[in-house]
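**Student:** Under our numbering, the residues of the sequence shown are numbered 14 to 383, in order. This is the structure, below, for whatever I ask next.
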Amino acid sequence: VPPRQLTSTVGEFVKEWLAGKEAAGFKPTSLLAWGQTVTELTKMFAPRPLAALTHADGEAFRAQLRGRGLRPTTIHKRLSHAKAMLEDAVRLTLIPANPFRHVKQRQGDPSERRKYVPVADAQRVIDHCPNVWWKLIAALARFGGLRTPSETFSLTWGDVDWERNRLRVTSPKTEDAGKPHRVIPLFPLLKPHLEAAFAAAKAGDVFIFPEKYRDRAKGKRGWNGANLRTTMTKIVRKAKVDPWPRVFHSLRASCESDLAQSFPLAVVAKWLGNTPSVALRHYVDPTDAAFEQATGWQPRDAKNDAGATQKTTQARAATRQQDVPGVTEPLGIAGSRRLLATLEQSCPDVQRECMGIEPTGSLIQTPRRF
């Protein structure tokens, strides 16, 4: 029996790799991200034998991405995908080692592409939304921290617990990680918009949002094809608010930043469906309110030390300054002698016994008078 012909070129291997992922049922957004890397690798190395790839080819791949002006985060992601594909080739014994393993790329600073959106700006944008549904879309992102559109358009009326003021959020992004849903409070700034949508809903509706909104996300690209950003950007401009990058992600990040000022980060991360490390890197930023509050802040120990120091100083001053008329400052040696002479003259009949303390011994010394 002749040996099975293994994939020999880079182009053939990466296309088969992507087809395998699609057949395994991975989400359209993941397939889209992997497909971008497959396109990059095919352009550069399609006819090359897979076993002929070297570390120098990996460096050239990274340099080509840099030369096109892509952001460091994008380069890091595509290089990571390429490494994962070649690691699968190693596991399948198609190549002996991963030639891209030691190619490094800085991940970049995610905060460069997000902006904190103040509550006042968010309220102004919501006021300029054309209907109750767009108001709710913006409110869920800014005041509930939901991922838009995947979590927003997955909500059903059965997820709303009006009695206990809670909202069950279905999370398509994290369901493969064993976290299909989470529960968040019905925050005070979010609840009125949800009540308004309930009043506008039709009897028998299962999903909170009408089908015409959800239909946008039913195409081949799934949630990634909903394209809400264009309309939301127009609303932001209509409200005369400066547009911010990554429209919905920045709203969600602003919500998490606000919550992190009042609740433990572990609790906030549970509510918003990420981990504390991811929250600190990709979501949480110090707010203007935090900076203003910090201007009057002192460590608790510093406050206690200041109070104790003031009390000690006052006690020492009271001890040094006797309750004698005319004495308003420390007496010193000469002043003490003058005070004793004055007391002897003014009180000749008063005698005090003074017990000596030196030299020490077991016998009580003879009292002396002055």
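Even for Gly, the Cβ is constructed at its ideal location relative to N, Cα and C.
Within 8 Å, do at least three Cβ pairs link the stretch 188-205 to the stretch 171-179?
**Tutor:** yes
**Student:** If you follow the beta strand (DSSP E) that Ile197 is in, where does it begin and where does it stop?
**Tutor:** As a first step, residue 197 is located in the sequence shown; it is residue number 184 there, counting from the start. Counting along the chain, the beta strand (DSSP E) containing Ile197 begins and ends at His194 to Pro198.
**Student:** Go ahead and pull the three-state DSSP assignment for Met109.
**Tutor:** As a working mapping, residue 109 is identified with position 96 in the sequence shown. Rather than Met, the amino acid found at residue 109 in this sequence is Pro. Under the three-state reduction of DSSP output, Pro109 falls in the coil class, being neither helix nor strand.
**Student:** Apart from the five residues on each side of it in sequence, which residues of its chain come closer than 6 Å, Cβ to Cβ, to Gly158?
**Tutor:** Locating residue 158 in the sequence shown gives position 145, where the first residue counts as 1. Only Arg265, Cys268, Glu269 and Leu285 meet the Cβ criterion.
**Student:** Say whether the stretch 199-214 touches the stretch 54-64, bearing in mind that this needs 3 or more beta-carbon pairs closer than 8 Å, one atom from each stretch.
**Tutor:** no
**Student:** Output the boundary residues of the alpha helix (DSSP H) element that contains Arg81.
**Tutor:** Taking the sequence shown and counting its residues from 1, the one referred to as residue 81 is at position 68. Looking at the DSSP string, Arg81 is not in any alpha helix (DSSP H), and its letter there is neither H nor E.
**Student:** What residue does the beta strand (DSSP E) around Arg179 start on, and which one ends it?
**Tutor:** Taking the first residue of the sequence shown as position 1, residue 179 is located at position 166. Arg179 -> beta strand (DSSP E) spans Arg179 to Thr183.
**Student:** Starting from Ala154, follow the alpha helix (DSSP H) in both directions and report where the run begins and ends.
**Tutor:** Taking the first residue of the sequence shown as 1, we reach residue 154 at position 141. Note, Ala154: alpha helix (DSSP H), Val145 to Gly157.
**Student:** Let me confirm a value: Arg177 is counted as buried when at least 16 other C-beta atoms fall within 10 Å, else exposed. Which label applies?
**Tutor:** Indexing the sequence shown from 1 puts residue 177 at position 164. Arg177 should be labelled exposed.
**Student:** Going by the beta-carbon positions, is the gap between Ile139 and Ala154 smaller than 8 Å?
**Tutor:** Taking the sequence shown and counting its residues from 1, one reaches residue 139 at position 126. Taking the sequence shown and counting its residues from 1, one reaches residue 154 at position 141. No, the pair does not count as a contact, with Cβ atoms beyond the cut-off.
**Student:** Residues in its own chain within less than 6 Å of Ala273 by CB, not counting five upstream and five downstream?
**Tutor:** Within the sequence shown, residue 273 is the residue found at index 260, counting from 1. Same-chain partners within the cutoff: Val281 and Val297.
**Student:** My understanding is that Ser163 touches Lys186, with C-beta atoms under 8 Å, so please give their C-beta distance in whole angstroms.
**Tutor:** Locating residue 163 in the sequence shown gives position 150, where the first residue counts as 1. Locating residue 186 in the sequence shown gives position 173, where the first residue counts as 1. Going by Cβ atoms, the distance from Ser163 to Lys186 rounds to 6 Å, so yes, they are a contact pair.
**Student:** Against chain D, with Cβ distances strictly below 8 Å, would Lys192 count as a contact?
**Tutor:** This model lacks chain D altogether, as it is built from one protein chain only.
**Student:** Could you spell out the range, first to last residue, of the alpha helix (DSSP H) harbouring Ser275?
**Tutor:** For the purposes of this step, residue 275 is taken as residue 262 along the sequence shown, with counting starting at 1. Segment: none, Ser275 is in no alpha helix (DSSP H) and carries neither H nor E.
**Student:** According to DSSP, which residues form a beta bridge with Pro201?
**Tutor:** Mapped onto the sequence shown, residue 201 falls at position 188. In DSSP, Pro201 forms no bridge with anything.
**Student:** Kindly identify the DSSP beta-bridge partner or partners of Asp174.
**Tutor:** Here the question's residue 174 lines up with position 161 in the sequence shown. Paired residue(s): Arg179.
**Student:** How big is the Cα-Cα spacing for Pro62 and Gly80?
**Tutor:** As a first step, residue 62 is located in the sequence shown; it is residue number 49 there, counting from the start. As a first step, residue 80 is located in the sequence shown; it is residue number 67 there, counting from the start. Distance between the alpha carbons of Pro62 and Gly80 is about 25 Å.
**Student:** For Glu342, which of helix, strand or coil comes out of DSSP?
**Tutor:** On the sequence shown, residue 342 is found 329 positions in, with the first residue counted as 1. Per-residue confidence for Glu342 stands at a pLDDT of 49, beneath the threshold of 50, marking its modelled position as unreliable; the derived number appears in the next sentence. In the structure shown, Glu342 sits in coil (DSSP, three-state: anything other than H, G, I, E or B).
**Student:** Can you give me the start and stop residues for the alpha helix (DSSP H) that Glu125 sits inside?
**Tutor:** Indexing the sequence shown from 1 puts residue 125 at position 112. From DSSP, Glu125 is part of no alpha helix (DSSP H); its letter is neither H nor E.
**Student:** Using 8 Å as the threshold, is the stretch 127-141 in touch with the stretch 237-256, meaning 3 or more CB pairs across them?
**Tutor:** yes
**Student:** Hey, would you say Phe222 sits closer than 8 Å to Trp146, going by beta carbons?
**Tutor:** Your numbering for residue 222 matches position 209 in the sequence shown. Your numbering for residue 146 matches position 133 in the sequence shown. Cβ atoms of Phe222 and Trp146: closer than 8 Å.
**Student:** Is Phe220 helix, strand or coil when you go by DSSP?
**Tutor:** Walking along the sequence shown from the start, residue 220 turns up at place 207. The answer is strand: DSSP assigns Phe220 an E or B state.
**Student:** Judging by CA-CA distance, which residue of Arg75, Asp218, Ala32 and Glu208 is the nearest neighbour of Gln384?
**Tutor:** Any question about residue 384 goes unanswered here, given that the chain covers just 14 to 383.
**Student:** Across the stretch 87-106 and the stretch 126-140, are there enough close Cβ pairs to call them in contact, namely three or more that are closer than 8 Å?
**Tutor:** no
**Student:** Could you give the first and the last residue of the continuous alpha helix (DSSP H) run that contains Arg137?
**Tutor:** Counted from its first residue, the sequence shown places residue 137 at position 124. Counting along the chain, the alpha helix (DSSP H) containing Arg137 begins and ends at Val132 to Asp140.
**Student:** Just reading off the alpha helix (DSSP H) that Gln120 is part of, what are its end residues?
**Tutor:** For the purposes of this step, residue 120 is taken as the residue at position 107 of the sequence shown. Note, Gln120: premise wrong, no alpha helix (DSSP H); not H, not E.
**Student:** My output table needs one value for Thr246: the three-state DSSP class, helix, strand or coil.
**Tutor:** Here residue 246 is taken as the residue at index 233 of the sequence shown, counted from 1. Note: Thr246 maps to helix in three-state DSSP.
**Student:** Kindly list the residues whose CB is nearer than 6 Å to the CB of Asp336, restricted to its own chain and excluding five residues on each side of it in sequence; keep chain order.
**Tutor:** Sequence index remark: in the sequence shown, residue 336 carries index 323 (1-based). A caution first: Asp336 carries a pLDDT of 49, below 50, which makes its placement in the model unreliable, though a value can still be read off. Contacts found: none.
**Student:** At the level of alpha carbons, what is the spacing between Asn240 and Gly71?
**Tutor:** In the sequence shown, counting from the first residue as 1, residue 240 sits at position 227. In the sequence shown, counting from the first residue as 1, residue 71 sits at position 58. Answer to the nearest angstrom: the Cα atoms are 34 Å apart.
**Student:** Please name the residue, chosen from Lys247, Phe220, Trp30 and Ala213, that lies closest to Leu107 on a Cα-to-Cα basis.
**Tutor:** Within the sequence shown, numbered from 1, the residue matching residue 107 stands at position 94. Out of Lys247, Phe220, Trp30 and Ala213, Trp30 has the C-alpha closest to the C-alpha of Leu107.
**Student:** Which residue wins for smallest C-alpha separation from Ala65, given the options Ala135, Gly38, Pro112 and Thr165?
**Tutor:** One-based indexing of the sequence shown puts residue 65 at position 52. It is Pro112.
**Student:** Which residues in the same chain have their Cβ closer than 7 Å to the Cβ of His10, if we skip the five residues on either side of it in sequence?
**Tutor:** In the structure as shown, the chain starts at 14 and stops at 383, and residue 10 therefore has no counterpart that could be examined.
**Student:** For Leu180, count the other beta carbons within 10 Å of its own beta carbon; 16 or more makes it buried, fewer makes it exposed. Which is it?
**Tutor:** As a working note, residue 180 is residue 167 in the sequence shown. Leu180 should be labelled buried.
**Student:** Using DSSP with H/G/I as helix, E/B as strand and the rest coil, what is Thr52?
**Tutor:** Residue 52 sits at position 39 when you count from the first residue of the sequence shown. Of the three classes helix, strand and coil, the one that applies to Thr52 here is helix, per DSSP.
**Student:** Ignore the nearest five residues each way along the sequence and tell me which others in Arg229's own chain have a CB closer than 8 Å to its CB.
**Tutor:** Position 216 of the sequence shown, counted from the start, is the residue given in the question as residue 229. Hits under 8 Å: Pro162, Gly238, Ala239, Asn240 and Leu241.
**Student:** Start and end of the alpha helix (DSSP H) containing Glu27?
**Tutor:** As a working mapping, residue 27 is identified with position 14 in the sequence shown. In the sequence as presented, Glu is not what sits at residue 27; that position holds Val. Val23 to Ala36 is the extent of the alpha helix (DSSP H) around Val27.
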